[in-house]
Amino acid sequence: MFSIESIMSTELITIRPRDSLAKARALMQKHRIHHLPVVDGAGALVGLLTISDLLAATDSVLRDDKDRIDANEICINDVMVTDLATIDEQTDLRQAALFLEKHRIGCLPVVSKGVLKGIVTDTDFVAVAINLLEQLDETEPDDDLEAFDEQYA
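Anchor point for the sequence shown: position 116 equals 169 in this note's numbering, and the numbering is continuous, going up by one each time.
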């Protein structure tokens with residue numbers, strides 16, 4: 054069976070605990086990601102910031118300007134999740150997918166000896182599903198695909 058190592062992202066965008074919420078928002082927008090691992094100076098995983106965490110911590114535009122808290126004044130350390138489920142590179146893909154689905158979480162950081170090595174997200178599993186569906190399609194007639202194309206063209 055395939056392991057997490059075969060699909061995990063290793064070019065990681067990370068953030069430090071003392072960085073600001075504004076920096077996290079900018080990183081998420083720039084890289085079009087929904088999960089930011091929080092690491093210390095040695096690369097050890099100390100937390101995770103999700104888009105949901107970011108939105109929950111962001112001050113409402115409905116609040117008066119004089120009472121609004123600037124996102125530059127909020128530290129990641131104050132809003133990150135620290136109780137994390139993690140996996141190692143040898144974890145079975147099926148086990149990881151079942152864990153994500155059962156616990157309704159969007160990512161699993163991949164850690165080895167406390168150091169962040171990668172991340173696997175629900176999007177990675179969608180890519181696996183698409184790949185499997187494409188392989189299945191190669192063995193079946195294209196009648197369904199042509200009908201779909203005609204319907205949504």
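Built from N, CA and C at the ideal position, the CB exists for glycine as well.
Sub-7 Å separation of residue i and residue j beta-carbons
i    : j    : result
L74  : A110 : yes
T144 : I57  : yes
T103 : G171 : no
R71  : C128 : yes
R78  : L107 : yes
Assigned exposure category for residue i - 16 Cβ within 10 Å defines buried
i    : result
V91  : buried
V52  : The structure shown does not extend to residue 52, since the chain spans only 54 to 206, so no value can be given for it.
I68  : buried
V134 : exposed
T192 : exposed
L169 : buried
V173 : buried
Cβ separation of residue i and residue j, assumed to be a contact under 8 Å, to the nearest whole Å
i    : j    : result
H88  : L101 : 6 Å
G167 : L65  : That pair is no contact at about 15 Å.
D177 : I60  : 5 Å
L161 : A149 : 6 Å
F55  : L146 : 5 Å
Residues bridged to residue i [DSSP beta-bridge criterion]
i    : result
D145 : S56
A229 : Missing from the structure shown is residue 229; the chain here goes from 54 to 206 and no further.
V163 : I140 and G171
H88  : T103
I158 : I158 is not bridged to any residue.
I68  : V91
V134 : L101
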